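Heads up: the sequence shown runs through residues 1170 to 1360, numbered per the working numbering. Backbone N, C-alpha and C define an ideal beta-carbon position, used for all residues, glycine too. These figures come from a predicted structure and were not determined experimentally.
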Amino acid sequence: MARRARASAREPGGCQGPCLDSLAADYNRSDLEPLLLEAFRYHKWANLQLLDVCSKLSDEQLQLTSAGTYGTIAATFLHLAAAEQRYVKRLGGSPPQLSEKSAFPGVDSLRAQMERSGDELLALAGQVRPDDTTPAEGTRHVRHWVPVVQSIHHGNDHRTHICTILGQNGIDYGDLDVWAYARAAGGYVTA
């Protein structure tokens, strides 16, 4: 199947065309803000749920890995937590306490740190303006929407890596999708 030629500057390519066509031209940021905040609530919930599952693993199990994933469960969680702390810092929050070079502090310590950074991301997501910028590499800056969106993507990506490792080793990790979050957070209501 041939790939479609790159879209012009006026026409998005791939699946974006149909998706963007469905957006109202006059959408209001205040209408979208509660949805963004709910996405961050889900992000925090999913991180903590998976950490709770992994708190029951042995040190040997935390060293499990699978092909195509970031690394071991421990290394992936450390990377996820350290990156989230960097996103918080880029958005004007507290400085990182971890890096990928840090020793693995244990699941309980990571859980406490990710609860704190999850709370900070939630607060910052409701405050930052998408076009504000923060320093990036060298003399370049990055718009605030980039670390906001990247934090959600990054969490999903690496939670999936950890779930892959768990699943390939026969370890049940429960339901971490948005439907499970909706059941836990009152997302279902009686009509």
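Original post:
Would GLY1336 pass as a contact of GLN1218 if the rule is Cβ separation under 8 Å?
Top reply: By 1-based counting over the sequence shown, the position of residue 1336 is 167. By 1-based counting over the sequence shown, the position of residue 1218 is 49. Taking 8 Å as the cut-off, the Cβ atoms of GLY1336 and GLN1218 do not count as close.
**OP:** Measure from the alpha carbon of TYR1350 to the alpha carbon of each residue in SER1199, ARG1210, LEU1206, then state which is nearest.
**Re:** Position 181 of the sequence shown, counted from the start, is the residue given in the question as residue 1350. Ranking the options by Cα distance to TYR1350, first place goes to ARG1210.
Original post:
Can we say the region 1281-1300 touches the region 1225-1233, given the rule of at least three CB pairs closer than 8 Å?
Top reply: Fewer than three Cβ pairs drawn from the region 1281-1300 and the region 1225-1233 lie within less than 8 Å of each other, which leaves the two stretches out of contact.
Original post:
For SER1235, which residues from the same chain have a beta carbon less than 7 Å from its beta carbon, with the 5 sequence-adjacent residues on both sides left out?
Top reply: Counting from 1 along the sequence shown, the entry for residue 1235 is found at position 66. So the qualifying residues of the chain are THR1333, ILE1334, GLN1337.
Subject >> From PRO1203, VAL1318, SER1320, ALA1250, residue whose alpha carbon lies closest to that of LEU1220 >> reply: Along the sequence shown, read from residue 1 onward, the residue named residue 1220 stands at position 51. Restricting attention to PRO1203, VAL1318, SER1320, ALA1250, the CA atom closest to the CA of LEU1220 is found in ALA1250.
Original post:
Is DSSP giving SER1177 helix, strand or coil here?
Top reply: Residue numbering aside, residue 1177 sits at position 8 when the sequence shown is read from its first letter. Reliability fails at SER1177, whose pLDDT of 43 lies under 50, so the model's placement of it is uncertain and the value that follows must be treated cautiously. Note: SER1177 maps to coil in three-state DSSP.
Subject >> Which of helix, strand or coil DSSP assigns to PRO1274 >> reply: Looking up residue 1274 in the sequence shown gives position 105. The three-state reading of DSSP puts PRO1274 in coil, since its state is none of H, G, I, E or B.
**OP:** Determine the extent of the beta strand (DSSP E) in which THR1303 is found, giving its start and end residues.
**Re:** What you label residue 1303 is simply residue 134 of the sequence shown in a count that begins at 1. For THR1303, the enclosing beta strand (DSSP E) begins and ends at 1302-1304.
**OP:** Measuring alpha carbon to alpha carbon, tell me which of ASN1216, HIS1248, LEU1290 ends up nearest LEU1205.
**Re:** Working through the sequence shown from its first residue, we reach residue 1205 at position 36. Among ASN1216, HIS1248, LEU1290, the Cα nearest to that of LEU1205 is on LEU1290.
Original post:
Roughly how many angstroms separate the alpha carbons of ARG1303 and VAL1257, rounded to a whole number?
Top reply: Taking the first residue of the sequence shown as 1, we reach residue 1303 at position 134. Taking the first residue of the sequence shown as 1, we reach residue 1257 at position 88. Per the sequence shown, the amino acid found at residue 1303 is Thr instead of Arg. Going by C-alpha positions, THR1303 is about 11 Å away from VAL1257.
**OP:** Within the region 1218-1302, note down every full alpha helix (DSSP H) run reaching 4 residues or more, in order along the chain.
**Re:** DSSP assignment within the region 1218-1302 yields the following whole alpha helix (DSSP H) runs of 4 residues or more, N-terminal first: 1242-1259, 1276-1294.
Subject >> Meets three-Cβ-pair contact criterion under 8 Å: the region 1309-1319 and the region 1265-1278 >> reply: The region 1309-1319 is not in contact with the region 1265-1278.
Original post:
For ALA1349, which three-state DSSP category applies?
Top reply: The residue you call residue 1349 lines up with position 180 of the sequence shown. Reduced to three states, the DSSP call for ALA1349 is helix.
**OP:** Using 10 angstroms around the beta-carbon of HIS1322, count the other beta-carbons present and answer buried if the total reaches 16, otherwise exposed.
**Re:** Locating residue 1322 in the sequence shown gives position 153, where the first residue counts as 1. Exposed: under 16 other Cβ atoms inside 10 Å.
**OP:** Would you mind reading off the limits of the alpha helix (DSSP H) that contains ARG1309?
**Re:** To locate residue 1309, count along the sequence shown from 1; it is residue 140. For ARG1309, there is no enclosing alpha helix (DSSP H), as DSSP marks it with neither H nor E.
Original post:
Straight-line CA distance for TRP1348 to VAL1311?
Top reply: To locate residue 1348, count along the sequence shown from 1; it is residue 179. To locate residue 1311, count along the sequence shown from 1; it is residue 142. In a straight line, the C-alpha of TRP1348 is about 33 Å away from that of VAL1311.
**OP:** Go through its chain and collect everything with a Cβ distance to GLN1232's Cβ below 6 Å, but skip five positions before and after it.
**Re:** Numbered from its first residue, the sequence shown carries residue 1232 at position 63. Only residues of its own chain outside the window of five on either side were considered, and among them THR1241 have a CB closer than 6 Å to the CB of GLN1232, listed in chain order.
Original post:
What is the DSSP secondary structure of THR1359, reduced to helix, strand or coil?
Top reply: As a first step, residue 1359 is located in the sequence shown; it is residue number 190 there, counting from the start. The three-state reading of DSSP puts THR1359 in coil, since its state is none of H, G, I, E or B.
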